[in-house]
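Numbering (my numbering), first residue to last: 130 to 345. Contents: one structure, followed by commentary.
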């Protein structure tokens with residue numbers, strides 16, 4: 130973000146509140162890709178997602194003077210995006226479970242059938258029961274396959290249920306902390322962990338099946 134990178138968050142917010150156009154442009158350049166990825170996990174098409182991002186920046190302009198720093202700027206920004214996406218999704222009658230409360234999150238997400246891939250609780254949960262085969266040293270074929278694997282992962286993420294996809298997008302693609310995810314989506318820490326675990330196991334299963342099918 131050029132010189133904006135050298136601003137601490139209070140300085141960044143003050144610059145935005147004062148109407149500094151260069152800072153606002155730099156912030157847009159920095160966050161628009163992340164906002165678009167998150168929006169695409171919540172609405173039916175890229176075109177709609179792009180409109181939601183534009184609506185989000187309008188929301189920033191309208192609301193920055195009311196920002197009090199009770200959360201980080203990034204959390205505040207992403208929350209505006211999720212609220213706009215929710216409203217847009219409802220308007221188009223194609224809204225898929227999103228931003229659910231702690232009492233209902235996971236009800237439509239399905240059971241975590243993929244848990245059988247992992248060692249049972251108390252034996253190192255999160256470890257593979259049958260780990261994928263190790264990759265051979267990079268060859269042209271392996272390099273090509275690794276690119277195809279990224280496509281498999283991206284496609285697997287796109288097929289995740291709504292809230293799982295949002296949590297995985299925030300945590301594993303955008304690098305948002307679990308606490309920030311809970312604040313953005315307004316879910317409990319427990320639900321966040323469950324949703325992330327289910328999302329990761331589904332994606333890992335698809336990747337493991339792809340690798341198994343393409344072993345030499």
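C-beta atoms are modelled at their ideal positions from N, C-alpha and C, and glycine is treated no differently.
| Asked | Found |
| --- | --- |
| Cβ neighbour criterion (16 or more within 10 Å) applied to residue 322 | exposed |
| C-beta atoms of residue 178 and residue 187 nearer than 7 angstroms | no |
| Nearest to residue 217 (by Cα), restricted to the options 185, 327 and 195 | 185 |
| The alpha helix (DSSP H) enclosing residue 217, as first and last residue numbers | 202 to 220 |
| Cβ-Cβ distance between residue 286 and residue 207 below 7 angstroms | no |
| Residue 210 vs residue 141 beta-carbon contact at 7 angstroms | no |
| Integer-rounded CB distance, given that residue 311 should sit under 8 angstroms from residue 303 | The Cβ separation is near 14 angstroms, so there is no contact. |
| Local conformation of residue 301 per DSSP, three classes | helix |
| Host alpha helix (DSSP H) of residue 172 (start-end) | From DSSP, residue 172 is part of no alpha helix (DSSP H); its letter is neither H nor E. |
| Buried or exposed by the 16-neighbour rule on C-beta atoms within 10 Å, applied to residue 295 | buried |
| Where residue 198 falls: helix, strand or coil (DSSP) | coil |
| For residue 200 and residue 332, the rounded distance between their alpha carbons | 31 angstroms |
| Environment of residue 316 [buried if 16+ CB atoms lie within 10 Å] | buried |
| Host alpha helix (DSSP H) of residue 318 (start-end) | 318 to 342 |
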